[in-house]
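Okay, so the sequence shown: first residue is -10 according to my numbering, each after it adds one. One structure is given below, encoded as structure tokens.
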Amino acid sequence: MFLMQVKVAVRSVQYSFTLAMLLKTRAVFAPGLRMCATHVTTGPTTVIDSGIPSSDMSEFRKAFAKAKNIAIITGAGVSAESGVPTFRGEHEKWRKWHSQDLASPEAFSRNPSRVWEFYHYRRQLVLDKKPSAVHFAIAECEARLKKQGRSVVVITQCQDDLHRQAGSKHVLRIHGSLLETRCMSCGQLTVNKQSPICAALKGKGAPGGDVPDAQIPVDKLPRCEERDCHGLLRPNVVFFGETLDSHILTKVEKEIEICDLCLVVGTSSIVYPAAMFGPRVGSRGVPVAEFNMNTTPKTEYFMYHFQGPCGTTLPPALAPHESEEL
């Protein structure tokens, strides 16, 4: 059972220690967890005997054929297959700022114009992209297995809409959505795919290091359209240091508990609490398969690891098995 009342410290050092203890003692994440990029080295007690996960696809396919409830955890690497920058490595900075310098409540409070320029740039990026082979393979698998009385859930860190565009129905977006806004005054949530989202942002948001801030007056930034409100809107994403939506985490909790196969796809496994999910499943003896360009800090805790572009490795992993009744 998950411990729903666990309190997680705000400061990163305290947070890292708490997460390490959670993993070590088999306590589990709680609704109050904050998004944090802290790397926790302590893992769950159940580790693959050899310390080296298998890359035997035929063995994975046997586990896939038996699974009734499959959880697929996806990260920025999945969106990267569609051309969306990961904001790591060469794309780590926008102008002269790291993404973590902008994606925070403090940054939005200090300079909402700069933060909205950054998110306008990101919104335009995802609106121009199409689902990749990864997205379509997951969506097709979900639809196919549903007819067999089996379930597939996507638990994603991605803030775009590409999983749903591909046809996935059961998607839990733990870090929110770039294509939604939330009013700072009345709390109203709204889906908004308009670009630019307001007239003042037209032509703004260029990422070049020498591009000056637009310094848009706050009353010209996106505003709430609810009657008598007109409050300042913000992207409905989870900023660093903010708590994740407890309703979403409750749903994630259930899926993590019931899944009998877990896939960790295109995620660096360094952003918490999502980095805990795969190891938590593996710690109870459930097969976990990682699909990534490289190994991650959590690779050793998984039963399988398939290295390479997810668009190449994942589709055959999720293709119809010979035992399926089609």
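We put the beta carbon where it would ideally sit given N, CA and C, even for glycine.
Under the three-state DSSP convention, the category residue i falls into
| i | result |
| --- | --- |
| CYS172 | strand |
| ALA56 | coil |
| PRO94 | helix |
| GLY197 | coil |
| ALA203 | coil |
| ILE41 | coil |
| ARG223 | strand |
| THR302 | helix |
| THR30 | Note that THR30 scores 36 on pLDDT, short of 50, meaning its location in the model is unreliable; the coordinates nonetheless yield the value given after this. Looking at THR30 - three-state DSSP - the assignment turns out to be coil, as it is neither helix nor strand. |
| GLY165 | strand |
| GLN296 | strand |
| VAL104 | helix |
| ARG216 | coil |
| PRO20 | Reliability fails at PRO20, whose pLDDT of 43 lies under 50, so the model's placement of it is uncertain and no value is given. |
| GLU289 | helix |
| PHE228 | coil |
| SER47 | helix |
| LEU307 | helix |
| GLU279 | strand |
| ILE245 | helix |
| LEU114 | helix |
| SER235 | helix |
| HIS159 | coil |
| LYS82 | strand |
| ILE144 | strand |
| LEU210 | coil |
| ILE186 | coil |
Cβ shell of residue i (< 8 Å), same chain only, five flanking positions each side left out
| i | result |
| --- | --- |
| LYS287 | GLY32, VAL253, SER258, ALA264, GLY267, PRO268 and GLU279 |
| GLU314 | GLN137 |
| MET46 | PHE295, PRO305 and ALA306 |
| ARG50 | ALA306 and HIS310 |
| THR365 | The shown model of the chain, from -10 to 315, leaves out residue 365, and the question about it has no answer. |
Proximity to residue i [Cα-Cα], best of the options
| i | options | result |
| --- | --- | --- |
| SER174 | ASP217, THR232, PRO120 and SER68 | ASP217 |
| LEU307 | ALA195, SER140 and VAL73 | SER140 |
| THR285 | PRO262, GLY255, GLY274 and ARG273 | GLY255 |
| PRO298 | LEU22, ARG50, ALA56 and SER71 | SER71 |
| ILE144 | SER312, ASN283 and ILE59 | ILE59 |
| GLN103 | LYS240, LEU210, ASP150 and SER235 | According to the sequence as given, residue 103 is Arg; it is not Gln. Taking only the C-alpha atoms, the option nearest ARG103 is LEU210. |
| VAL207 | LEU190, GLY197, HIS87 and GLY198 | LEU190 |
| CYS248 | MET46, LEU22, ARG23 and ALA52 | ALA52 |
| SER388 | LEU134, ARG112 and PRO262 | A question about residue 388 goes unanswered here, because the residues of the chain that appear run from -10 up to 315. |
| ASP199 | TRP86, PRO185 and GLU246 | TRP86 |
| PRO185 | PRO196, GLU81, LYS57 and ARG111 | ARG111 |
| ALA334 | ARG212, ALA69 and SER166 | Outside the displayed span of the chain (-10 to 315) sits residue 334, for which this structure offers no information. |
| ARG373 | GLY165, ILE245, GLU244 and VAL270 | For the chain, the structure presents residues -10 to 315; residue 373 sits outside this window and is missing. |
| LYS57 | ILE205, LEU221 and GLU246 | GLU246 |
Same chain, Cβ closer than 6 Å to residue i, neighbours up to 5 away in sequence not counted
| i | result |
| --- | --- |
| ALA122 | GLY300 and PRO304 |
| ALA92 | PHE228 and PHE229 |
| ALA128 | ALA155, GLY156 and SER157 |
| THR83 | What sits at residue 83 in the sequence shown is Trp, not Thr. Answer for TRP83: PHE107 and PRO196, listed in chain order. |
Cβ distance (whole Å) where residue i is taken to contact residue j below 8 Å
| i | j | result |
| --- | --- | --- |
| TYR293 | SER44 | 7 Å |
| THR302 | ASN225 | About 32 Å separates the two Cβ atoms, so there is no contact after all. |
| GLN146 | ALA65 | 7 Å |
| LEU250 | VAL275 | 7 Å |
| LEU151 | PRO120 | 5 Å |
| VAL241 | ILE163 | 6 Å |
| ARG23 | GLU231 | 6 Å |
Cβ-based neighbour list, residue i, same chain, cut-off 7 Å, excluding 5 preceding and 5 following
| i | result |
| --- | --- |
| LYS193 | GLU106, HIS109 and ALA203 |
| LEU178 | GLU169, ARG171 and ASN225 |
| GLU131 | VAL141, SER157, LYS158 and HIS159 |
| VAL73 | LEU114, VAL115, LYS118 and ASP149 |
| VAL180 | LEU168 and GLU169 |
| ASN281 | GLY66, GLY255 and GLN296 |
| HIS219 | ARG212 and CYS213 |
| SER312 | ALA54 |
Chain D within 8 Å of residue i, Cβ atoms only
| i | result |
| --- | --- |
| PRO309 | The structure shown contains no chain D; it is built from a single protein chain. |
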